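Take a look at the structure set out below.
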Amino acid sequence: MEDVIAKFKQSKLELIHPNAAGIDIGSASHFVAVPPDRDNKPVREFKSFTADLNGLADWLEACEIDTVAMESTGVYWIPLYELLESRGLTVYLVNARHVRNVSGRKSDVLDCQWLQQLMSFGLLSGAFRPKDEICALRAISRQRDMLIRYQARHVQHMQKALAQMNIQLANVISDIVGETGQKIVRAIITGERDGHILANLKSNRIRAGKDEIEKSLVGNWREEHLFALKQAMSLYDAYSERLTECDRQLETMLAALQVHKVEICQKKRRSNVKNAPKFDLRAHLIGMCGVDLTRIDGIEVTTAMKVLSEVGADMSRFKSAKQFASWLGLCPGTKISGGKVLSGASKRTANRAAQALRMAAVSLKSSQSALGAYYRRLCGRLDKAKAITATAHKLARLIYTMLTKGTEYVDKGQEYYEERYRQRVLHHLTVRARKLGFNLTPVPEAT
Numbered sequence: 160m161e162d163v164i165a166k167f168k169q170s171k172l173e174l175i176h177p178n179a180a181g182i183d184i185g186s187a188s189h190f191v192a193v194p195p196d197r198d199n200k201p202v203r204e205f206k207s208f209t210a211d212l213n214g215l216a217d218w219l220e221a222c223e224i225d226t227v228a229m230e231s232t233g234v235y236w237i238p239l240y241e242l243l244e245s246r247g248l249t250v251y252l253v254n255a256r257h258v259r260n261v262s263g264r265k266s267d268v269l270d271c272q273w274l275q276q277l278m279s280f281g282l283l284s285g286a287f288r289p290k291d292e293i294c295a296l297r298a299i300s301r302q303r304d305m306l307i308r309y310q311a312r313h314v315q316h317m318q319k320a321l322a323q324m325n326i327q328l329a330n331v332i333s334d335i336v337g338e339t340g341q342k343i344v345r346a347i348i349t350g351e352r353d354g355h356i357l358a359n360l361k362s363n364r365i366r367a368g369k370d371e372i373e374k375s376l377v378g379n380w381r382e383e384h385l386f387a388l389k390q391a392m393s394l395y396d397a398y399s400e401r402l403t404e405c406d407r408q409l410e411t412m413l414a415a416l417q418v419h420k421v422e423i424c425q426k427k428r429r430s431n432v433k434n435a436p437k438f439d440l441r442a443h444l445i446g447m448c449g450v451d452l453t454r455i456d457g458i459e460v461t462t463a464m465k466v467l468s469e470v471g472a473d474m475s476r477f478k479s480a481k482q483f484a485s486w487l488g489l490c491p492g493t494k495i496s497g498g499k500v501l502s503g504a505s506k507r508t509a510n511r512a513a514q515a516l517r518m519a520a521v522s523l524k525s526s527q528s529a530l531g532a533y534y535r536r537l538c539g540r541l542d543k544a545k546a547i548t549a550t551a552h553k554l555a556r557l558i559y560t561m562l563t564k565g566t567e568y569v570d571k572g573q574e575y576y577e578e579r580y581r582q583r584v585l586h587h588l589t590v591r592a593r594k595l596g597f598n599l600t601p602v603p604e605a606t
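Take any residue in the sequence shown, count from 1 to its spot, add 159: that is its number in my numbering.
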């Protein structure tokens, strides 16, 4: 501690970026501050129109600005960020939470001046933003996720219309928009009311018998509910068409990002993941990053797609796996005061990659793998939320190692993990017994 205090006393606040500017982002206008010696009016307001943004960039170049700090307000920062970056300026995207807790700054003018001062002394760090091609891939991937969410709402509308007619189809088959469910619902929409005929449309994979399905299809066929069912199915089909367009766009963009030669199957592969793209996504991802992330237990192809679309395959921005896990918000917190740990909870974040890894961790509940055994052991001694976060942290470190070193993941199985865990526990018990003056004696196995 004394060494840290001595270094702190020796350090001086130096001017790191003398040509820095600060920008307070708004929806209608942006306030920009430059060093006072660069212009007679060092703080100016620019509208958010494209012509005004070009004027803002011209003014910064006239003031010999090479570094810009701006707040990440909504999506309003994106056009200006891309424009300034295309002009050759170094742009730092700053989290507004990190700079707002200073008393006396309650106006846009003071905000941009404060950003400019902090950036000048190197007290701000920019947020991670991947390359342009990854940003484009991320936008299409998020658009696809949004369409899936909207489509799911219309599935709920179909279930509601059927329930109001007392058609209990959802209680005998697991998915009303599966192969059997769609055949039956579309037949109902076209006017079929005979339960025996509708039950004959079931697939051989459905466990429920024809008699049970026929019994569930007896209800009151009210016109208003049939109309709502028809509209919900039409909207479901409309979103299916938009999802097909997104899949084609994703396939084109991923094909442009291929850096490794991988044989891509042109035929549709059957996937156990619902709502997975209708092309060989796994082969495209291997060609993009050079390793197969789906070899990690719990990481499905859609999970790997979400992680790579948010971060990309280039991990050079993160110095270590710890820094990558910290950016994801999966590492323990360090809230300490007076030498006492107040909280070790991880920070709250809306990181989509972290959410995907948490979902992958939950799927390891029944996995007969080393990661599955690890997750179940954590659930035994921690609450479930902490166990999920810790397992997601481990998945993030594995992904970082695979992408940086180019090595494949090999699962050694649940038995290997349990034996190693047993050896660790036995070693610690032996050391503790020796400190207390005892020796551990193994119990002979029963014949």
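Glycine included, C-beta positions come from ideal geometry on N, C-alpha and C. If you're wondering where the values come from, they're calculated on a predicted model, not measured in any experiment.
Same chain, Cβ closer than 6 Å to residue i, five either side skipped, listed in chain order
i              : result
arginine 246   : Ala216
isoleucine 458 : Leu452 and Ala519
leucine 269    : none
For residue j and residue i, believed in contact at Cβ under 8 Å, the rounded distance
i              : j              : result
methionine 229 : leucine 239    : 7 Å
serine 207     : alanine 187    : 6 Å
lysine 470     : proline 289    : Contrary to the premise, residue 470 reads as valine rather than lysine in this sequence. That belief holds up - the Cβ atoms of valine 470 and proline 289 are roughly 6 Å apart, short of 8 Å.
arginine 556   : alanine 472    : Wrong, their Cβ atoms sit about 16 Å apart, outside the cutoff.
valine 336     : glutamate 371  : Between glutamate 371 and valine 336 the Cβ distance is about 20 Å, and since that is not below 8 Å, they are no contact.
alanine 414    : histidine 443  : 7 Å
leucine 554    : alanine 520    : 6 Å
histidine 189  : methionine 278 : The Cβ separation is near 15 Å, so there is no contact.
Residue i, buried or exposed, once every other Cβ within 10 Å from all chains shown has been counted against 16
i              : result
histidine 384  : buried
tryptophan 380 : exposed
arginine 312   : exposed
threonine 600  : exposed
aspartate 353  : exposed
tyrosine 575   : exposed
alanine 210    : exposed
leucine 588    : exposed
glycine 340    : buried
glycine 565    : exposed
glycine 446    : buried
leucine 243    : buried
Sub-8 Å separation of residue i and residue j beta-carbons
i            : j                 : result
valine 193   : isoleucine 224    : yes
tyrosine 568 : arginine 441      : no
tyrosine 580 : arginine 536      : yes
serine 505   : glycine 488       : yes
leucine 523  : glycine 531       : yes
alanine 551  : alanine 509       : no
tyrosine 235 : glycine 185       : yes
tyrosine 309 : leucine 283       : no
valine 227   : phenylalanine 205 : no
glycine 378  : asparagine 325    : yes
leucine 328  : serine 375        : yes
Cβ shell of residue i (< 7 Å), same chain only, five flanking positions each side left out
i             : result
proline 436   : Asp406 and Leu409
threonine 461 : Val432 and Ala435
aspartate 570 : Asp456, Ser528 and Ala529
valine 163    : In this prediction, valine 163 scores a pLDDT of 48, lower than 50, which makes its location untrustworthy; the coordinate-derived value is nonetheless stated afterwards. Taken in chain order, the list of residues that qualify is empty.
aspartate 198 : Cys222
arginine 511  : Lys465 and Glu469
lysine 342    : Leu360
leucine 172   : Phe280
histidine 355 : Glu373
Local conformation of residue i per DSSP, three classes
i              : result
histidine 419  : coil
lysine 594     : helix
tyrosine 568   : coil
valine 521     : helix
threonine 226  : strand
glutamate 382  : helix
lysine 427     : Because lysine 427 sits at a pLDDT of 49, beneath the cut-off of 50, its placement in the model cannot be relied upon, and the point is left open.
arginine 203   : strand
glutamate 173  : coil
alanine 546    : helix
valine 193     : coil
leucine 440    : helix
isoleucine 495 : strand
isoleucine 182 : strand
valine 377     : coil
threonine 600  : coil
serine 188     : strand
tyrosine 112   : With the chain covering only 160 through 606, there is no way to say anything about residue 112.
histidine 586  : helix
valine 250     : strand
leucine 501    : strand
glutamine 341  : helix
aspartate 396  : helix
Other residues of its chain near residue i: CB distance less than 8 Å, five sequence neighbours each side excluded
i              : result
lysine 389     : Ile348
methionine 317 : Ile335, Val336, Val344, Leu388, Ala391, Met392 and Tyr395
Residue i beta carbon near the ligand MN (any heavy atom closer than 7 Å)
i           : result
leucine 360 : No copy of the ligand MN appears in this structure; indeed no ligand is present at all.
Cβ of residue i within 8 Å of any chain B Cβ
i          : result
lysine 389 : Included in the structure is just one protein chain, with no chain B present.
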